[in-house]
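Engineer:
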Amino acid sequence: MPTVYLNGAFLPLEEAHVPVLDRGFIFGDGVYEVIPVYSRRPFRLADHLARLQASLDGIRLANPHPPETWRTLVLDLIACSGEEDLGIYLQVTRGPAPRDQAFPTEVRPTVLIMPLPLGTPPARLAEEGVGAITAADNRWLRCDLKSTSLVANVLLRQLSVDAGCAETILLRDGWLTEGSSSSVFVVSRGTLLAPPKSHLILPGVTYDVVLELAAGQGVPYALRPIPEAELRSADEIWLTSSTKEILPVVRLDGRPVGDGRPGGLFRGLHAAYQEYKRTEMRGGGS
Ligand code: PDD
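Position in the sequence shown counted from 1, then plus 133, gives you the numbering used here.
1. Which of helix, strand or coil does DSSP assign to residue 169?
2. So what's residue 314 in DSSP terms, helix, strand or just coil?
3. Would you tell me roughly how many angstroms separate the C-alpha atoms of residue 221 and residue 275, rounded to the nearest one?
4. Is the region 369–376 touching the region 410–417 in the sense that three or more CB pairs, one from each, lie closer than 8 Å?
5. Heavy atom of ligand 1 less than 7 Å from the Cβ of residue 340, yes or no?
6. Can you tell me whether DSSP reads residue 302 as helix, strand or coil?
7. Please state the DSSP three-state secondary structure of residue 399.
8. What span of residues does the alpha helix (DSSP H) with residue 331 cover, start to end?
9. Quick one: give me the first and last residue of the beta strand (DSSP E) that residue 159 is part of.
10. Here's the rule I'm using: 16 or more other beta-carbon atoms within 10 Å means buried, otherwise exposed. How should residue 136 be labelled?
11. From the DSSP output, which residues share a beta bridge with residue 143?
12. Taking residue 293 as the reference, give the member of 266, 304, 283, 388 with the closest Cα.
13. Closer than 7 Å to a non-hydrogen atom of ligand 1 - does that hold for the CB of residue 167?
14. If you draw a straight line from the alpha carbon of residue 164 to that of residue 224, how long is it in whole angstroms?
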């Protein structure tokens, strides 16, 4: 039974309980992070904590801890887990209060940190690629906040499960935004493209890593709006996230992407990502 951290205590998962009036349960009034841990080292923890702060600012909830306390709690939980590689799930809600949409006058935030199986896709998927479908992005207009209100993402993700695919790639008014739980990159005429950060996409930590690695490798890239036609005629499409790392999409809505196999730019960046992870594990630090 994994050990979790809940509101100041480390305890077994089955003993961790939250009141039914918690606003996270009643309204999805909270934010979260998923942080990969390799060889017991949290990967890009500072970036995840910075995005947590931005999400908390976005929902007007004071951060219950300074970054150093978060770091200590995360490291303590990694030590408890005994695993080398895992995910750390961290959630802050506006806490328990009588049901009323308005903020409670006295806020007691609920803080949960728990280990997750990392769920990194098997190496086979990077070699073979995955299928994806497209759907209209019908989420709210603050997709930059990593909110626990995920019912739209849940419904969109299930569409790809129902279609036997790995992800649902979202289009808003004919423009690429992201996946239901990942960022999306496109390769077109030798240039790596991604939508620029805005309120319409989550600012992915892996997105930043991929762009840094692309710059380091001399891969030309541009951040600009990507129309649907460019997505559909792309030479390569990639999904990125803390759990997926980088995955090539080789079929979109049943049609091959490029020649239907993972592309050359993907192979280069995927290898660079694996190497970068190894450097971080050796103590590059984040
Ligand atoms: N999801 N966009 C959305 C909508 C996401 O949910 C995620 C990650 C990303 C990628 O962000 P990052 O590279 O920082 O993981 C983009 C996490 C893994 C989840 O909800 O489980």
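Built from N, CA and C at the ideal position, the CB exists for glycine as well.
Structural biologist: Based on what the coordinates show:
1. strand
2. coil
3. 24 Å
4. no
5. yes
6. strand
7. helix
8. Note, residue 331: premise wrong, no alpha helix (DSSP H); not H, not E.
9. Per DSSP, residue 159 belongs to no beta strand (DSSP E); it is in the alpha helix (DSSP H), 156–160.
10. buried
11. 138
12. 266
13. yes
14. 6 Å
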